[in-house]
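In the working numbering, the protein residues as written are 380 to 590.
Ideal Cβ placement from N, Cα and C applies to all residues, glycine included.
Everything below concerns the one structure shown next.
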């Protein structure tokens with residue numbers, strides 16, 4: 380009888396030690412994993428690809444200049460603001476020519492879909508944008524689906540210099556109804572979107588500075 384009690388007491392002690400050790404291991408594992416800071420910096424980007432593409436496709440008649448900012452959160456999320464101006468000479472047929480300039484803005488967010496090595500400065504990005512132009516007579520709005528990448532090319536202390544590219548599918552929200560006159564349809568060229576139409580493709584190549 381005494382032997383049975385002794386065995387029970389020893390068994391309880393061993394079980395208690397085992398549970399304590401397992402709990403200590405779990406706590407140590409949680410404590411050893413570093414917490415991710417929410418904010419990892421801001422990047423200021425100059426889009427030189429859009430300017431070159433607009434000039435090339437229009438034989439130098441159109442210009443586009445764009446400055447973008449994004450904020451890196453939790454290593455994976457990139458809220459983005461893009462500001463620019465664009466315009467030049469646009470034509471409809473052989474007889475109608477317009478000189479048109481205006482500003483535009485896009486807001487959205489990119490996400491890095493890969494979880495391995497999230498602290499890496501290099502990233503593949505997928506995102507969306509909502510864009511609007513600033514025209515005196517008619518304001519147009521559109522959406523964009525964006526895919527691209529960014530690469531750190533140089534690092535100086537706590538800052539870094541980046542380069543990257545994006546491809547964009549643009550979908551116009553403010554589409555025209557059939558039967559409208561040319562004056563009612565608004566400008567032929569939409570700053571930030573391109574020539575008026577249901578969809579357009581675009582591309583950006585930028586240089587950036589993270590601080």
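Inset, instruction - With a threshold of 16 other CB atoms inside 10 Å of the CB of residue 535, please say whether the residue is buried or exposed. - result: Within the chain shown, the letter at position 156 stands for residue 535. It is exposed - the Cβ of residue 535 has fewer than 16 other Cβ atoms within 10 Å.
Legend entry - Segment contact, 8 Å Cβ cut-off, at least three pairs: the stretch 567-582 with the stretch 510-518: Yes, since at least three Cβ pairs between the stretch 567-582 and the stretch 510-518 fall closer than 8 Å, the two stretches touch.
Legend entry - Close beta carbons around residue 549, own chain, < 8 Å, minus the five adjacent residues each side: Translated into the one-based positions of the chain shown, residue 549 becomes position 170. Around residue 549, the same chain offers 510, 521, 522, 523, 572, 573, 578, 579, 580 and 581 as residues with beta carbons nearer than 8 Å, after the five sequence neighbours per side are excluded.
Inset, instruction - Tell whether a beta-carbon distance below 8 Å holds between residue 422 and residue 589. - result: Counted from its first residue, the chain shown places residue 422 at position 43. Counted from its first residue, the chain shown places residue 589 at position 210. Contact: yes.
Legend entry - Close beta carbons around residue 446, own chain, < 8 Å, minus the five adjacent residues each side: Translated into positions along the chain shown, residue 446 becomes position 67. 423, 424, 425, 426, 461, 462 and 463, listed in sequence order.
Inset, instruction - In the DSSP assignment, find the alpha helix (DSSP H) that holds residue 428 and state where it starts and stops. - result: For the purposes of this step, residue 428 is taken as residue 49 along the chain shown, with counting starting at 1. 428-436 is the span of the alpha helix (DSSP H), which, as asked, contains residue 428.
Legend entry - Same chain only: Cβ atoms within 8 Å of residue 452, ignoring 5 sequence neighbours per side: The count along the chain shown starts at 1 and reaches residue 452 at position 73. Taken in chain order, the residues that qualify are 417, 418, 419 and 458.
Inset, instruction - Use the C-beta contact count for residue 528: other C-beta atoms within 10 angstroms, 16 or more gives buried, fewer gives exposed. - result: Reading the chain shown from its first residue, position 149 is the one you call residue 528. Exposed is the call here.
Inset, instruction - State the CB to CB distance for the pair residue 415 and residue 444, rounded to an integer number of angstroms; the pair is presumed to be in contact (CB under 8 Å). - result: The residue you call residue 415 lines up with position 36 of the chain shown. The residue you call residue 444 lines up with position 65 of the chain shown. Not a contact, Cβ separation roughly 36 Å.
Inset, instruction - Determine which residues share a DSSP beta bridge with residue 499 and list them. - result: Along the chain shown, one-based indexing puts residue 499 at 120. Answer by DSSP bridge pairing: none, since residue 499 is not bridged.
Inset, instruction - Kindly indicate which residue of 428, 547, 448 and 586 has the alpha-carbon position closest to the one of residue 442. - result: The residue labelled residue 442 in the question sits at position 63 within the chain shown. Nearest option by C-alpha distance: 428.
Inset, instruction - Determine the direct distance from the alpha carbon of residue 537 to that of residue 576, and round the result to whole angstroms. - result: Along the chain shown, read from residue 1 onward, the residue named residue 576 stands at position 197. Along the chain shown, read from residue 1 onward, the residue named residue 537 stands at position 158. The alpha-carbon atoms of residue 576 and residue 537 are separated by roughly 44 Å.
Legend entry - Closest residue to residue 434 among 448, 467 and 449 (Cα-Cα distance): In the chain shown, the residue the question calls residue 434 occupies position 55. When each option's Cα is compared against that of residue 434, the closest is 467.
Legend entry - Alpha-carbon to alpha-carbon, residue 519 and residue 541: On the chain shown, position 162 is the one that residue 541 refers to. On the chain shown, position 140 is the one that residue 519 refers to. Cα to Cα, residue 541 sits roughly 32 Å from residue 519.
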